[in-house]
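In the order they appear, the protein sequences are chains Z and F.
The numbering of the first sequence is my numbering, which starts it at 1 and goes up by one.
The numbering of the second sequence is my numbering, which starts it at 1001 and goes up by one.
In this text, a Cβ means the ideal position worked out from N, Cα and C, and glycines have one as well.
In this text the structure is predicted, and so the values were computed from the model without any measurement.
One structure is given here, and the rest of the page talks about it.
Protein chains: 2
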Amino acid sequence: MSERSGTEDLRRRNLSAVLTEAHRHGPLTRAALVQRCSLTRSTIGALVGELSALGLVYETDAAAARVGRPSPLVHASERVVALAVNPDVDAVTVGVVGLGGKVHRRIRYSTSSVPTLREAVNITRAVVEGLSVELAGAEHVAGVGLAVPGLVNAGAGVVRLAPHLGWKEADVVGPFQEALGMPAVAANDATLGTLAESIFGAAAGYRDALYLNGSASGIGGGAIVGGVPLGGASGYAGEFGHMVIRPDGEACHCGRRGCLETEVNLERLLKVVGLERADGDQLEDALGPGLPFPVLREIRRQTDLLAVALSNLVNVFNPEVIVLGGFLGVLLDADRERLGTAVAQGPISGLGAEVRLERAALGSELLLVGAAEAVFAGLLTEPRSIASHP
Amino acid sequence: MSERSGTEDLRRRNLSAVLTEAHRHGPLTRAALVQRCSLTRSTIGALVGELSALGLVYETDAAAARVGRPSPLVHASERVVALAVNPDVDAVTVGVVGLGGKVHRRIRYSTSSVPTLREAVNITRAVVEGLSVELAGAEHVAGVGLAVPGLVNAGAGVVRLAPHLGWKEADVVGPFQEALGMPAVAANDATLGTLAESIFGAAAGYRDALYLNGSASGIGGGAIVGGVPLGGASGYAGEFGHMVIRPDGEACHCGRRGCLETEVNLERLLKVVGLERADGDQLEDALGPGLPFPVLREIRRQTDLLAVALSNLVNVFNPEVIVLGGFLGVLLDADRERLGTAVAQGPISGLGAEVRLERAALGSELLLVGAAEAVFAGLLTEPRSIASHP
DNA sequence: GGTGCTATGTTTACGTCCAGTACAAATTGA
DNA sequence: TCAATTTGTACTGGACGTAAACATAGCACC
């Protein structure tokens, strides 16, 4: 309802547009910015000048390939960084991500037990202190982004429940903010994964996309709706893992039966191939060609059930693309044909035939990039805000 | 990505904000507009003046109840209207809806058989010609909005499939535009119902809402996500009726088994109460207190299955409110307790406890208001566009 | 029924911002 | 070396909103 106003709001929007283009679509010439932002050369010049003065972008000479005066390349400054933190059951991963989306540094700090919130904060602080030399080279640290495997009220910065970490009704943003002395944001890991894939990954360029990620702890995901991440009233949207697809199936910890993640399940896959646990590549190898029948049967079973859920979601969202990460990506490549045709035929009126199935592209950097993106979001919409936090 | 710019774009935004407030939130004083739009008195004055000159709003003296100079009331002009058309299996309903959302006129033209597209166009033209005297009183007819029960590619104005009408791969916008000589927009009826309920109905004021409507032809719906209607890549989003909730259930015409609309079904309800067909009130009476067991059992069965679907949707969307229309509204009131607790407990981690269940508020005007709203959308975002179509 | 109070409309001066134009600069190709 | 082409830069003009001063209209109190 309430729209801001004033002529300087216009400037904010345009600064934001230019910076966002530079951030998302790599180095661009000024001329390209003129086209993409529908602004004049004069204005782009002024905007780039201001962003440059703010330290958010810098220019380099372009290797001119065409006639005419060469247009300098505008880069989002990778010396403006965000910290990204992903606490998990056996490690806390901390990353330094630059504007432009590049992960400068990635440190996985293994833990002997599941970290408490306080431990996660302390580990992060220790890791960041160890990085202080490196961070001193950065011109500006925009903040910390937390990718938490659980229900996160992104607006309040509170973890409602992170079952595998054992965190519950905990303010996470506060402690991190205090410990690191910089603004913090928190969100669900799959939501941030969606964000990352939609900007730099397999869903880049699509305005309507779904992302589903399968890990040992279950299935989560997110949606991009008209170019905007789906958040929901409190940031809990995207819990695709608890869509019931087999009402008489096994009991799920959520209290219902036959949830997607109880049926389509990494543990079941590992069991049938006889592994205790496996990373992505190991599982991929184990599901290669020439499989014994029981393995094949389980793959087909899970593929078919996944197809039911995906068909439901296509009916609900009418997306252009569905991106599958984690073991769901492995499952996709194990029998692309089967999943493809099932999803093509499942939704109403052949709607599924227009949906692309893609495998996630960002791999291990996914959550760091997503968490950083959540931090950058504020800076991208309000570039001048950097001036107040020197 | 590409944002427009220029100082006059700012004006467009502000004009749009003021007009939208006046349209959605009834007559407002200028002072109220100052607050709602965060603009100064001067600017509001200028904006209201321009909108007034365009014929989009008018002012009346306010009955001042407080000290201070009374602020005039700004009304969205109800003499700016949209035509709304809803073709159905046994009738074509045409409405005249004014800015502000009031339905001035509603004409239901019964047909002896299911209308073809051409017949629907001709009926509409005839009805509109009959209304010509009335429409002459209108200052401006913004266009026609078509609420079609089926899959509609809103962007292209094409009906992909409207099973009950027998329309298929048909350009609907073209013929109506030609026949009436004014711009036309088309969309799925449930999508437009969602829009209407979210602006003037039970979902008004909520930024994240779901709407499900149950009719003789099935279950459709829509979502409001962050204040924006969910469309999907081609406008087909919101087909909640074909979410599979009982894989071993009855075959659905969509090709799958146990879809929501095959299980939760008006026909089954009517059958168990011994009615051939019924409008809302009749059904409501038939499901009143003191029911025989078989009826009770069917109500409970359908309520429980509806709860499964709603729980899934809460997990997916994390909405603030779910609005139920048609026989789903009747079902809600038949056993509010049962549906309420099931939805409160179904979703993950008690997420459902925060969701409100509401019955649709707009009744028979729903689709007309929604279709008109789709027409007004263009005018609301670009108020000056009215000048070019006198 | 006057007088002051208060909230609001109105007018004017001002600053910001972007478009458009003219010119300068830098590269290609002949 | 020169023409063609594309782009950056400097300057002017117009549109817009803000801020402040002024005008206005009803209320409340005496």
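Alpha carbon to alpha carbon, how far is residue i from residue j?
{"i": "residue 23/Z", "j": "residue 100/Z", "result": "4 Å"}
{"i": "residue 1339/F", "j": "residue 1190/F", "result": "22 Å"}
{"i": "residue 1169/F", "j": "residue 357/Z", "result": "25 Å"}
{"i": "residue 256/Z", "j": "residue 37/Z", "result": "49 Å"}
{"i": "residue 1354/F", "j": "residue 152/Z", "result": "15 Å"}
{"i": "residue 1076/F", "j": "residue 1027/F", "result": "7 Å"}
{"i": "residue 82/Z", "j": "residue 373/Z", "result": "8 Å"}
{"i": "residue 311/Z", "j": "residue 266/Z", "result": "21 Å"}
{"i": "residue 50/Z", "j": "residue 375/Z", "result": "21 Å"}
{"i": "residue 1274/F", "j": "residue 1014/F", "result": "56 Å"}
{"i": "residue 80/Z", "j": "residue 53/Z", "result": "13 Å"}
{"i": "residue 131/Z", "j": "residue 1025/F", "result": "53 Å"}
{"i": "residue 57/Z", "j": "residue 141/Z", "result": "15 Å"}
{"i": "residue 1067/F", "j": "residue 29/Z", "result": "59 Å"}
{"i": "residue 331/Z", "j": "residue 1122/F", "result": "53 Å"}
{"i": "residue 304/Z", "j": "residue 260/Z", "result": "11 Å"}
{"i": "residue 241/Z", "j": "residue 209/Z", "result": "17 Å"}
{"i": "residue 93/Z", "j": "residue 1047/F", "result": "53 Å"}
{"i": "residue 1203/F", "j": "residue 1227/F", "result": "10 Å"}
{"i": "residue 349/Z", "j": "residue 1254/F", "result": "7 Å"}
{"i": "residue 290/Z", "j": "residue 296/Z", "result": "9 Å"}
{"i": "residue 11/Z", "j": "residue 1251/F", "result": "57 Å"}
{"i": "residue 172/Z", "j": "residue 161/Z", "result": "11 Å"}
{"i": "residue 1019/F", "j": "residue 1377/F", "result": "11 Å"}
{"i": "residue 61/Z", "j": "residue 95/Z", "result": "30 Å"}
{"i": "residue 364/Z", "j": "residue 222/Z", "result": "18 Å"}
{"i": "residue 69/Z", "j": "residue 341/Z", "result": "51 Å"}
{"i": "residue 127/Z", "j": "residue 156/Z", "result": "26 Å"}
Do residue j and residue i come within 8 Å of each other at the CB atom, strictly closer than that value?
{"i": "residue 1147/F", "j": "residue 1231/F", "result": "no"}
{"i": "residue 86/Z", "j": "residue 367/Z", "result": "yes"}
{"i": "residue 1134/F", "j": "residue 1055/F", "result": "no"}
{"i": "residue 1143/F", "j": "residue 1089/F", "result": "no"}
{"i": "residue 117/Z", "j": "residue 72/Z", "result": "no"}
{"i": "residue 1343/F", "j": "residue 1302/F", "result": "no"}
{"i": "residue 1244/F", "j": "residue 245/Z", "result": "yes"}
{"i": "residue 360/Z", "j": "residue 313/Z", "result": "no"}
{"i": "residue 1247/F", "j": "residue 308/Z", "result": "yes"}
{"i": "residue 1258/F", "j": "residue 1249/F", "result": "yes"}
{"i": "residue 1105/F", "j": "residue 1091/F", "result": "no"}
Looking only at its own chain, which residues have a Cβ that is under 6 Å from the Cβ of residue i, when we skip the five neighbours before and after it?
{"i": "residue 1008/F", "result": "none"}
{"i": "residue 1385/F", "result": "none"}
Within 7 Å: the Cβ of residue i and any heavy atom of the ligand NAP?
{"i": "residue 212/Z", "result": "Among the components modelled here there is no ligand, and therefore nothing to report on the ligand NAP."}
So, for residue i: in the same chain, excluding its five sequence neighbours on each side, which residues have a beta-carbon less than 8 Å away from its beta-carbon?
{"i": "residue 1206/F", "result": "1198, 1224, 1319, 1320, 1321"}
{"i": "residue 34/Z", "result": "40, 41, 44"}
{"i": "residue 268/Z", "result": "298, 302"}
{"i": "residue 145/Z", "result": "82, 83, 84, 85, 184, 185, 186, 187, 192, 370, 371, 372, 373, 374, 375"}
Within a Cβ cutoff of 7 Å, which residues of the same chain sit near residue i, ignoring the five residues on either side of it in sequence?
{"i": "residue 2/Z", "result": "Because the pLDDT of residue 2/Z is 35, which lies under 50, any placement of that residue in the model is unreliable, and the question is left without a value."}
{"i": "residue 1369/F", "result": "1097, 1101, 1103, 1196, 1200, 1362"}
{"i": "residue 1217/F", "result": "1149, 1164"}
{"i": "residue 1000/F", "result": "Since the first residue of chain F shown is 1001 and the last is 1390, residue 1000/F is not available in this structure."}
{"i": "residue 1347/F", "result": "1311, 1314, 1315"}
{"i": "residue 1166/F", "result": "1114"}
Quiz prompt | Start-end ranges of the beta strand (DSSP E) lying completely within the segment 35 to 59 of chain Z, minimum 3 residues | solution = If we require 3 residues or more, the segment 35 to 59 of chain Z turns out to have no beta strand (DSSP E) run fully inside it.
Practice problem: Report the residue ranges of all alpha helix (DSSP H) runs contained in full by the segment 73 to 118 of chain Z; include only those spanning at least 4 residues, in chain order. | Solution: none
Practice problem: Check each residue of the segment 341 to 361 of chain Z: if its Cβ is closer than 8 Å to any Cβ of chain F, include it; give the result in chain order. | Solution: 345, 346, 347, 348, 349, 351, 354
Quiz prompt | chain F contacts from the segment 144 to 158 of chain Z (Cβ-Cβ distance under 8 Å) | solution = 151
Exercise. Output, in sequence order along the chain, the residues in the segment 18 to 48 of chain Z whose CB is closer than 9 Å to any CB in chain F.
Key: 20, 21, 24, 25, 35, 36, 37, 38, 39, 40, 43
Exercise. Output, in sequence order along the chain, the residues in the segment 79 to 106 of chain Z whose CB is closer than 9 Å to any CB in chain F.
Key: none
Practice problem: Any chance you could list the alpha helix (DSSP H) runs of at least 4 consecutive residues sitting entirely within the segment 286 to 337 of chain Z, in chain order? | Solution: 293 to 317, 327 to 334, all fully within the segment 286 to 337 of chain Z.
Self-check item: Contact list for the segment 1371 to 1386 of chain F against chain Z, Cβ threshold 8 Å
Solution: Those would be none; no residue qualifies.
Practice problem: Using a Cβ-Cβ cut-off of less than 7 Å, list which residues of the segment 313 to 344 of chain Z approach chain F; keep chain order. | Solution: 315, 316, 317, 318, 319, 320
Quiz prompt | Near-chain F residues of the segment 224 to 238 of chain Z - C-beta to any C-beta below 8 Å | solution = 225, 226, 228, 230, 231, 232, 233, 234, 235, 236, 237, 238
Quiz item: Listed from N- to C-terminal order along the chain, which residues in the segment 1155 to 1180 of chain F have their beta-carbon within a distance smaller than 8 Å of any beta-carbon of chain Z?
Solution: 1160, 1161
Quiz item: If you scan the segment 228 to 296 of chain Z from start to end, which runs of the alpha helix (DSSP H) of 4 or more residues do you find wholly inside it?
Solution: 260 to 263, 266 to 273, 280 to 286
Quiz prompt | Runs of alpha helix (DSSP H) lying entirely within the segment 1160 to 1222 of chain F, each at least 4 residues, in chain order | solution = For secondary structure counted as the alpha helix (DSSP H) over 4 or more consecutive residues, the segment 1160 to 1222 of chain F holds these complete runs in sequence order: 1173 to 1180, 1189 to 1200.
Self-check item: Secondary structure, beta strand (DSSP E): runs of 3+ residues fully inside the segment 120 to 152 of chain Z
Solution: 140 to 148
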